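K.L.:
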Amino acid sequence: MVGVGGGAPAPKHDVRLGDVVVGIGGGGMGGVIQYDYGKALQNGSFIATGHLRQPPQSLLTAVTVVRAIHDGELYHLKNAVGAVLQGKGSNRKFGCPPASSDRLIVSKHIHTDETKSCEEICGGDPSVLVIRNSQDDNDEDGEGAVLPVAHYGLIASGNQVMKDSAFRDKLAEIRGVLCFEMEAAGLMIHFPCLVVRGICDYSDSHKNKAWQPFAAMTAAAYAKDLLTEMVPTKIQQERRAVDVLETS
């Protein structure tokens, strides 16, 4: 399942706009949790419980191969993205926004007026920005183009758009969540799959659609790399989607 999602940046995981998050769990558990399904505690807090189904083994094997390739070749994903952007016509709309527009706002600062842009309300005040390593150090190729990075870990899925930076930070700290999205939980209850999300916002009140086209394209570029590493005989051994749905 390929699409866009909201990032959950944390000190341990420098997730940025345009990056890709791949839902991978550990210890035999799936890589997606349903964050609005769990238990409420006496102190008013909420704990998400349970993981959704683990992806098929053929997909997990392909992820291992692609991950090794990306770790060994820093610009491999960038090349996959570049191949898409070199096309003509509609592909141009998927170009990367300026790196300067990738701004992470401190969690306590809330965007209160949806009729005004974040640039109008927050952009002129440097005190509301989270200080991060310069992209010039490790995320650009010297030509001003952002180099998307693939992250592997938990994706949180729910039935509503995540725009709460405090809750985002809590799940990132407690569960190690890297990304939020809305579609996977409904499908993975019945059909195991791999979730790939391009990061288009930071799951807070400052979200906008400026990075959505580029994030969708980076996720698709990763998925294309993944498909090239899948072994046909392994795919044939997996159960067909229609069979899984009929017996679930």
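In the UniProt record's numbering, the protein residues as written are 1 to 248. Glycine residues also receive a C-beta, built at the ideal position from the N, C-alpha and C atoms. For clarity, every value in this text was computed on a predicted model and none was experimentally measured.
(1) Look up Q34 in the DSSP assignment and give the residues it is bridged to.
(2) Using 8 Å for Cβ pairs, my map puts S203 next to M162. What's the rounded Cβ distance?
(3) Evaluate S100 with the Cβ neighbour count: other Cβ atoms within 10 Å of its Cβ, from every protein chain shown; 16 or more gives buried, anything less gives exposed.
(4) Can you tell me whether K224 is buried or exposed, with buried defined as 16 or more other CB within 10 angstroms of its CB?
(5) Compare the beta carbon distance of G5 and C179 with 8 Å and say whether it is the shorter of the two.
(6) Taking the beta strand (DSSP E) that G82 belongs to, which residues open and close that run?
(7) For A83, which residues of its own chain have a beta-carbon under 6 Å away from its beta-carbon, when the five flanking residues on both sides are left out?
(8) Would A156 and L17 be called neighbours here (beta carbons separated by less than 8 Å)?
(9) At the level of alpha carbons, what is the spacing between D136 and L147?
(10) Near H76, which residues of its chain fall below 8 Å by C-beta distance, leaving aside the five closest residues on each side in sequence?
(11) Just to confirm my understanding: we take R103, look at its own chain, exclude 5 residues before and 5 after, and list those with CB closer than 7 Å. What are they?
(12) Which term fits K78, buried or exposed, when burial requires 16 or more other beta carbons within 10 angstroms of its beta carbon?
(13) Among T218, L227, V231, which has the Cα closest to the Cα of A80?
(14) So which of V63, K116, K207, V231 has the shortest CA-CA distance to V195?
(15) Quick one: Cα of N208 to Cα of D201, how far?
P.N.:
Well, looking at it:
(1) For the purposes of this step, residue 34 is taken as residue 34 along the sequence shown, with counting starting at 1. Note: Q34 sits in a beta bridge opposite S157.
(2) Taking the sequence shown and counting its residues from 1, the one referred to as residue 203 is at position 203. Taking the sequence shown and counting its residues from 1, the one referred to as residue 162 is at position 162. Going by Cβ atoms, the distance from S203 to M162 rounds to 4 Å, so yes, they are a contact pair.
(3) Start at 1 with the first residue of the sequence shown, and residue 100 comes out as number 100. The residue in question, S100, is exposed, as its Cβ has fewer than 16 Cβ neighbours within 10 Å.
(4) Here residue 224 is taken as the residue at index 224 of the sequence shown, counted from 1. Exposed.
(5) Here residue 5 is taken as the residue at index 5 of the sequence shown, counted from 1. Here residue 179 is taken as the residue at index 179 of the sequence shown, counted from 1. A contact, by the Cβ cut-off of 8 Å.
(6) Locating residue 82 in the sequence shown gives position 82, where the first residue counts as 1. Unbroken run through G82 is the alpha helix (DSSP H), 76 to 85; no beta strand (DSSP E).
(7) Working through the sequence shown from its first residue, we reach residue 83 at position 83. Taking A83 as the centre and dropping the five residues before and after it, the same chain places no C-beta closer than 6 Å to its C-beta.
(8) Residue mapping note: residue 156 aligns to position 156 of the sequence shown, counting from 1. Residue mapping note: residue 17 aligns to position 17 of the sequence shown, counting from 1. Cβ distance not < 8 Å, so A156 and L17 don't count as in contact.
(9) Your numbering for residue 136 matches position 136 in the sequence shown. Your numbering for residue 147 matches position 147 in the sequence shown. With a pLDDT of 49 at D136, under the threshold of 50, the modelled position of this residue cannot be trusted; read the value that follows with caution. Each residue's alpha carbon lies about 10 Å from the other.
(10) Here residue 76 corresponds to residue number 76 of the sequence shown, with the count starting at 1. Answer for H76: I69, H70, D225, listed in chain order.
(11) By 1-based counting over the sequence shown, the position of residue 103 is 103. So the list reads L129, once near-sequence residues are dropped.
(12) What you label residue 78 is simply residue 78 of the sequence shown in a count that begins at 1. When all chains shown are included, K78 counts as buried.
(13) Here residue 80 refers to the residue found at position 80 of the sequence shown. The shortest Cα separation from A80 among T218, L227, V231 belongs to T218.
(14) Position 195 of the sequence shown, counting from 1, holds the residue named residue 195. Considering only alpha carbons, the answer is V63.
(15) The sequence position of residue 208 within the sequence shown is 208, counting from 1. The sequence position of residue 201 within the sequence shown is 201, counting from 1. Using only the alpha carbons, I get a separation of about 7 Å.
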